[in-house]
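J.:
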Amino acid sequence: MKPAPFEYHAPTSLADAVTLLARLENEGCDAKILAGGQSLMPMLAMRVARPDALVDLRQVPGLDHIRLQDGRIAIGAMASKRAAELSELVRERQPLFHAATRLVGHQQIRNRGSVGGSFAHADPASEYPAVALVLDMEMVATGPDGERVIPAAEFFVTYMTTALEPGEVLTEVRMPVLPPGTGWAIREITRRSGDLALAGVALTLRLKAGRCADARIAAFGIDATAVRLSEAEDALRGAVPTTESFARAGAVAAASLADPMSCIHASAEYRRHLVGTLLERALADAAARAH
Amino acid sequence: MAIDIPTRTDQLPTSATRFIGKAVNRIEDPALVSGTVEFIDNLSLPGMLHCAILRSPHPHARITAIDASAALELPGVEAVLTGEDVERWCDPCFTAPEGWGNYCLAVGKVRFVGEPVVAVAASSRYIAEDALELIQVEYEVLDPVANPDEAMASGAPLVFENRGTNVIQSRTYTWGEVDRVFAEADRVVSRQFRWNRVGANPTETFGCICQWDLADNSLTCRGAYQTPRFMAIGRAASLRLPANKVKIISHAQGGGFGGKGGPRGTDIAALLSRKCDGRPVKYIEDRMEYLLAGGGQSWDRYYDAAIALKADGTVTGFKVRLVDDQGAGAEGYGTISAAKPLAAFTGNYRIEAAFYDLTLVATNRAPTYPYRGYGPPPHNLVLESLMDVAARELALDPAELRRRNYIGPEQFPYTVPSGNEYDSGNYAAVLDRVLELSDYKALRESQAKARAEGRLVGIAVVSTVEPGVFDWNAYATVGVPGVGVPEGVKVAVDVFGNITVAIGFNLQGQGQFTVAAQVVADYLGVEMNAVKVTTASTDVALPHFGQGGSRLGVAVTGAILGACDKLRQTFCRVVAHVMQTEPDQVELMNGRLQLKAAPAHGMTIAEVAGLMLSRSDLLPPGVEPCPEATFVWVSPNRNLPDDQGRCRSYLTAAAATHVVQVEIDRDTGQVKILGYYIVDDCGTRLNPANVEGQLQGGVAQGVGAALYEEYVYDPQCQPLVSTFVDYLMPTIHEVPMTVKDHIVTPSPIAPLGAKGCGEGAIHTTPAALLCAINDALAPLGLECRETPASPRRLWNLLHGQHGH
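See below:
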């Protein structure tokens, strides 16, 4: 379990990193960005990933902020998940993102793993992409032509593939603060604590006059990317938040899944069923938090 | 001289034990927690090369060509080893039964995915792994033998063509009048069970550094060796060396659990050293290699079993048919695992007759190896599950059914139908204590309440016997020769009164170094920090075995007591001589050799040792100036088995009863452990903290086997598990911290009355969890009879889905 040979670069500024990536791209060199290394390093060691070059962002300053910015929360791509977990701002103003963060791996992994890394890695079983869809997050990419903002709905393309161009660095993620009174929940089924999810759902729920006004729901661990469960969202609109309506939404969600993944731990049918159960339970969690 | 091994702590030459029986701090731990232990991968030798191994991607294929020329041209590569070299220099490993062994590298054909095919020695592991990618191997793929049914079908492909069959061994054992008790039974309960492959996963995988001395034609191997002497003999046989030309230096090991064998890795590194003019070659097995085929796979079993009962719940007979998928041959002694249940076939119960139909089959899965507990954990799951089914059918509480069938405390020593003799026990007392500890009545009430709410809550009360201190005779039935497993130590006192204990094994985690120091310190009346425990390499060590078969705490205690008694007798002669009296007028007490009649007159251990080493003029005739003694302990009173495998095999019989409460989530199939209670009885607890640690570790592995771990193969025999992402070792989040208590029924025959307890809860936990799950499912009329009881399996069961 030793990586195949690769060039190693550790630029000390974002400008240098971007220039370097452009040069490597021009040279036909397959470059990969190293952030916290919690996914990439094992892939290198198993020779599953075999880039020609690694561009290590850990010497690049200014990418680890967590701050309120124009009324939204902005997190630098190199901020650790542990920092996000410990951030009062995140905990109080965006509890869904905070709860999702705590579900990522174990503390030791969150110490090292970067927030941006999980978005760029785009593992369909990870929590962040689903939360990004629910919260309409924005990804800030910095490339040779400067910054561009990519909405979450366009960011995740397919299995471990994003809309980032080869020369671009994900530098920041942005999310709204949770409006007061909005319910939220994230639930997942893992084989063990800290494992990638067999299935999970994340959602926000707004109630108005005793009815569900708006629900935004995404599921993860079941398809090539996290998916919005729009049929369940529609089914909830206007419904009275009861056990029955949540069960109905769960059933609608389960039925709406096209072709859930299958693996040795969970068949497609089991995953489909889990999504329904998780949604039903998560809606109850969210309703209890909403007012 | 006659040697006296005390079987009670009050027979020690001390007015009160100061260390034995107390949870003293472990002497192993300062080095472990400060990171100064020299594990094998911390060591580099001058000129050392690094080995990487190309492994078979096919479960069954003929090797038609190997081209390693490009690899040899890669700068840094020093040698490439193939089956051609191996066939010239080696023999296949020896096995029990004989003749089912592979070479260390595939010769002619591969028999499982992960079998070594080519090995490279290079200046770094990186370059060695780069070189593997340049090697071309051509295979002619053969039909795999994926499971025992396929293996035993007529016209099946043969894993070992020269054997003419895939059946390694098939025989029956009849103990008592089995047909009669089943014919006369009021009720027969029978079930089939499938125990899927699991195994040992130590923190540290295998590793070694091997150096072939070309001038001397000898081999030195340093590494993570669990049973160094056994390993040395094996290497001599497979590498065609005289046994006295193989030296094994055992380093501390990051766990073992039986899976960390390393014969293949050692032979490969040794032959690469031979090819590289004697440069040392390091091989560190990585986790993927270990999981694929490193010796961590065990117990791949298909059971069909029945018990016979009288109307009052008396169990009279037990029949087991076991088909055990050994994988590709017997190199890992998986065969032994199927023989070990003979040591406690009928568990804690007075069952008068039993029958075992045992078939060991070769397939193209990875060979199976020992795992903590050896064979009984799955066997216990079968017996205890049948007990629970019977209790349900008879509408008896499962605790009550067990109580009615326990061997009574007055019946020991008790010979079980399968031949072994249990030394002592009080199973009803263990049960009483655990029912009280768990507040069993309250647990049942909470279960009734939960059931009324539609929740699936279950409780199990499961009892098992842990055979302790193994003997080879237990495995004679699968072709292992011999009686008596030695454990030798040397106890040496220096001129200042410090004491060195030289042992043949190295530390592995269980705490035997501490036990050794406790026993020496109490016997010779010194402080524990005056005792140094050190590991001798195999060229100078006394006969020994080391860790295995719940034996070493007892065995090393016996060895030290024997050596200390020899020292005591010598010291008495010396002191008698200088005090001008007879040796029998002198006694050892609290670290002093004193006159029995006038205890104020005497000498300390240090003074006697100093005198012996510096005043030879004062020594009595025939006494050497050597305050040292050796002793090789062996279980007393062992015998050869009869034609039904019956013998006094394991010396001690510890016992435990677990009470566990679980809840199954109907909608997800997930199992939550709500409460876990253990009462055990392993006789004298030499170091209670060690016992508790072993118990808790056994619980963890039991939780893994019952709920999480499984080596999954597809129908073409391709392993689908190669990392910890898919092989699900339970973490601290999944393992309950159990509530524990114990009772003490000392062994009347083992040193200091201590029973083997190293395997501990793995004997009991898988059965306890599965029984609790089935208790939870009982109102639905469902039973889970396959391990692990994963969410997917339970969900399929609950929702009427079939298959995987």
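Chains as they are written, first to last, in the UniProt record's numbering: chain A, 1 to 291; chain B, 1 to 804.
Think of the CB as a built atom: it goes at the ideal place given N, C-alpha and C, for glycine as much as any other residue.
Every value quoted in this text rests on a predicted model; they were computed, and no experiment measured them.
What residue range does the beta strand (DSSP E) around MET78/A cover?
T.: From DSSP, MET78/A is part of no beta strand (DSSP E); its letter is neither H nor E.
J.: Measure the C-alpha to C-alpha separation of GLU421/B and SER298/B and round it to an integer number of angstroms.
T.: Taking the straight line joining both Cα atoms gives about 27 angstroms.
J.: For PRO376/B, which three-state DSSP category applies?
T.: helix
J.: For residue 317/A and ALA213/A, what's the separation of their Cα atoms in angstroms?
T.: There is simply no residue 317/A to check, as chain A begins at 1 and stops at 291 in what is shown.
J.: Taking the straight line between their C-alpha atoms, what separation do you get for ARG93/A and ILE33/A?
T.: 30 angstroms
J.: Helix, strand or coil for SER190/B per DSSP?
T.: strand
J.: Pull up the DSSP beta-bridge partners for CYS208/B, would you.
T.: GLY223/B, TYR283/B
J.: With a threshold of 7 angstroms on Cβ separation, who are the neighbours of ARG216/A within its own chain once the five nearest residues in sequence on each side are excluded?
T.: If the five residues before and after ARG216/A are omitted, its C-beta is found closer than 7 angstroms to the C-beta atoms of VAL134, LEU203, THR204, GLU233, all from its own chain and listed in chain order.
J.: Could I get the ranges of all uninterrupted alpha helix (DSSP H) runs contained in the segment 461-502 of chain B, with 4 residues as the minimum, in chain order?
T.: none
J.: Measure the CB-CB distance between GLY702/B and PRO788/B and report whether it falls below 8 angstroms.
T.: Judged by beta-carbon spacing, PRO788/B lies beyond the 8 angstroms limit of GLY702/B, meaning their Cβ atoms are not closer than that value.
J.: Any idea what DSSP makes of ASP16/A, helix, strand or coil?
T.: helix
J.: Going by alpha carbons, who is nearest to ALA308/B out of ASP539/B, PRO370/B, VAL501/B, ARG187/B?
T.: ARG187/B
J.: Measuring straight from C-alpha to C-alpha, what distance separates ALA653/B and LEU640/B?
T.: 19 angstroms
J.: Quick check: does the Cβ of LEU435/B come within less than 7 angstroms of any heavy atom belonging to the ligand ZN?
T.: Ligands in the displayed structure: none, and consequently the ligand ZN is not present.
J.: Quick test of the definition: if touching needs 3 or more C-beta pairs under 8 angstroms, does the segment 362-382 of chain B touch the segment 341-351 of chain B?
T.: yes
J.: Going along the segment 263-274 of chain A in order, which residues come within less than 9 angstroms of chain D, judged by CB to CB distance?
T.: Note that chain D does not occur in the displayed structure, where the protein chains are A and B.
J.: Does DSSP put ARG88/B in a helix, in a strand, or in coil?
T.: Helix.
J.: Using a Cβ-Cβ cut-off of 8 angstroms (strictly less than) and excluding sequence neighbours within five positions of ALA530/B, which residues of its own chain qualify?
T.: GLY497, ASN498, ILE499, ALA521
J.: In this structure, does DSSP put SER170/B in helix, strand or coil?
T.: strand
J.: With 16 other CB atoms within 10 Å as the buried threshold, where does LEU291/B fall?
T.: buried
J.: With H, G and I counted as helix, E and B as strand and the rest as coil, what does DSSP make of CYS387/B?
T.: Reading off the sequence shown, one finds Met at residue 387/B, where the question assumed Cys. Helix at MET387/B.
J.: Rounded to the nearest angstrom, what separates THR203/B and GLY509/B at their Cα positions?
T.: 11 angstroms
J.: Taking the runs of the beta strand (DSSP E) that are 3 residues or longer, which of them lie wholly in the segment 657-721 of chain B?
T.: 671-681
J.: So, at 7 angstroms on beta carbons, what are the nonlocal neighbours of HIS804/B in its own chain, with the 5 sequence-adjacent residues on each side left out?
T.: At HIS804/B, the pLDDT of 41 sits below 50, so the modelled position is not reliable; the number obtained from the coordinates is stated separately. Hits under 7 angstroms: none found.
J.: Find the nearest neighbour of SER170/B within the set PHE206/B, LEU360/B, LEU241/B, CYS90/B, judged by alpha-carbon distance.
T.: Among PHE206/B, LEU360/B, LEU241/B, CYS90/B, the Cα nearest to that of SER170/B is on LEU360/B.
J.: For the segment 236-245 of chain B and the segment 545-559 of chain B, state whether three or more C-beta atom pairs, one from each stretch, are separated by less than 8 angstroms.
T.: no
J.: Is it buried or exposed for GLU289/B, if we count other Cβ within 10 angstroms and need 16 for buried?
T.: So GLU289/B ends up on the buried side.
J.: Do THR172/B and LEU414/B count as a contact pair if the criterion is CB distance below 8 angstroms?
T.: The question names Leu, but residue 414/B is Tyr in the sequence shown. In this structure, THR172/B does not lie closer than 8 angstroms to TYR414/B by Cβ.
J.: Where DSSP assigns a beta bridge to LYS109/B, which residues make up the other side?
T.: ARG62/B
J.: Within its chain, find whatever has a CB closer than 6 angstroms to the CB of ARG197/B; leave out the 5 residues flanking it on each side and keep chain order.
T.: GLN297, ASP300, TYR711
J.: Just verifying my parser: in three-state terms, what is the DSSP assignment at GLN59/A?
T.: helix
J.: Do ALA218/A and ALA130/A have their C-beta atoms closer together than 8 angstroms?
T.: yes
J.: Hey, out of LEU542/B, TYR708/B, ALA705/B, LYS740/B, whose CA is closest to LEU695/B's CA?
T.: LYS740/B
J.: Taking the runs of the alpha helix (DSSP H) that are 4 residues or longer, which of them lie wholly in the segment 154-223 of chain A?
T.: none
J.: For TYR126/B, which residues in chain A fall below 7 angstroms Cβ to Cβ?
T.: LYS2
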